[in-house]
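To start, the structure under review is shown below, and the notes come after it.
Residue numbers (the working numbering): 28 to 405.
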């Protein structure tokens, strides 16, 4: 049976207009998408996706390209399980038919990635479904939307990809073994999002150490490491203790900051007690690392937390955890945290968390989780 191809092979194929199959993590959708650079799309490529892919054909684009064509989000409140950022569907105004034919869809896609594209060249709704990729690509969100844009960008093309899920003849989603067979039958390489993450992490540096200092605490003296992230210029703190070695399992916690819970002790928030427990645990073992990630605190987020807290009090549920905060580590957060852990020289992790499945595609970060340890509040 065919094997997983290298990311470099995928980049080379994307550059010359060939398709690849991009597979996400088994803990996510566990699906594979046909991917071709939007720059290189043809009616024949669209027809192949229709006949053999059988899924929904979408156009993934970065923010700059998406803003150029001026389409709005499909929904004002995105309730998709994986926050897939669909916009209004589009057709190019110069389509020769209804817009659904492979030729018309290819025309629409090519118009959308044209450097001179403008909103007046499209009509909505249409038959091409744009997807807005998150800034930062697969490091931020481990999906085919971001993966296809990353592959096109790495190939030196416009940061946009055409994607289509691969489905079996019976309508079920094709999994890895079936995707490998499909790729072998059609001479299409199969690559994974995890490998793409690893490729980017090996070739790009997202975090940079800004400062170091000793930090005396009630649990002992930690070393405070301050990192800046190039994705959003956010500042993140890593507290370390002891001699940390890549080949020795280290006690690790990745936690996102929560202003109301951590600083002001909002009732029901576990951020502060979880942080205290982790510091105590690391100190008791004599070594470990705590990555404390800054959060995107803004008016809407803070007000939303307060409203959620008050609604739970009204429902007489104030004794329950209303905002775990510390457990709401998104993929971007873990991706940045993973680079920080690597910058600290770690390799094998004993992770303190109550939500182990939220850490997706961990292998792509060059880290190995050897144990999961539950969090307890002191």
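All residues carry an ideal CB built from backbone N, CA and C; glycine is no exception.
From the listed residues 132, 150, 129, the smallest Cα separation to residue 115 is found for 150. The three-state reading of DSSP puts residue 107 in coil, since its state is none of H, G, I, E or B. Residue 84 has 191 as its beta-bridge partners, per DSSP.
Less than 9 angstroms divides the Cβ of residue 207 from the Cβ of residue 29. Judged by DSSP secondary structure, residue 45 falls outside any alpha helix (DSSP H); it is assigned neither H nor E. In its chain, beyond the 5 residues on either side, 61, 191, 193 have a beta carbon closer than 6 angstroms to the beta carbon of residue 80. When 310, 197, 215, 283 are compared, the shortest CA-CA separation from residue 245 is found for 310. Here DSSP, grouped into helix, strand and coil, assigns residue 296 to strand.
Between residue 68 and residue 44, the alpha-carbon positions lie close to 7 angstroms from each other. For residue 240, the enclosing beta strand (DSSP E) begins and ends at 234-244.
Remark: fewer than three beta-carbon pairs, one from each stretch, lie closer than 8 angstroms, so the stretch 278-289 and the stretch 235-252 are not flagged as touching. The beta-bridge partner set that DSSP reports for residue 395 consists of 375. Per DSSP, the continuous beta strand (DSSP E) segment holding residue 264 begins and ends at 262-268. In the three-state reduction of the DSSP assignment, residue 90 falls in the helix class, which pools H, G and I. Contact annotation: residue 160 and residue 96 have beta-carbon atoms that are not nearer than 9 angstroms. With contacts defined by Cβ atoms closer than 9 angstroms, residue 179 and residue 170 do not form a contacting pair.
For residue 101, the closest alpha carbon among the candidates 158, 92, 89, 195 is that of 158. In chain order, 239, 240, 241, 242, 266, 267, 268 place their CB closer than 8 angstroms to the CB of residue 250, counting only its own chain and leaving out the 5 sequence neighbours on each side. The closest CA to that of residue 259, considering only 48, 300, 366, 162, is found on 162. Contact between the stretch 123-135 and the stretch 70-86 is present: 3 or more CB-CB pairs across the two stretches fall below 8 angstroms.
Cβ-Cβ distances below 7 angstroms link residue 144 to 95, 96, 138 in the same chain, with the five nearest sequence neighbours on each side left out; the list follows chain order. If the five residues before and after residue 383 are omitted, its C-beta is found closer than 7 angstroms to the C-beta atoms of 399, all from its own chain and listed in chain order.
Sorting 316, 273, 282 by C-alpha distance to the C-alpha of residue 375 places 273 at the top.
Per DSSP, residue 135 is one residue of the alpha helix (DSSP H) stretching across 129-139. Within the model, the alpha-carbon separation for residue 91 versus residue 364 is close to 27 angstroms.
The three-state secondary structure of residue 157, taken from DSSP, is strand.
Exposed is the label assigned to residue 198, since fewer than 16 other Cβ atoms lie within 10 Å of its Cβ. Straight-line spacing of the CA atoms in residue 168 and residue 124 works out to 36 angstroms. Around the CB of residue 121, fewer than 16 other CB atoms lie within 10 Å, so the residue is classed as exposed. Bounds of the beta strand (DSSP E) holding residue 250 are 247-256. For residue 362, same chain residues with a beta-carbon under 6 angstroms away, outside a window of 5 residues either side, are 166 in chain order. In this structure, residue 226 lies near residue 34, with their beta-carbon atoms less than 9 angstroms apart.
DSSP places residue 402 in the coil class of the three-state scheme, outside both helix and strand. The shortest C-alpha to C-alpha distance from residue 283 to any of 322, 312, 371, 40 is the one to 322. The shortest CA-to-CA distance from residue 393 to any of 370, 381, 379, 380 is the one to 370.
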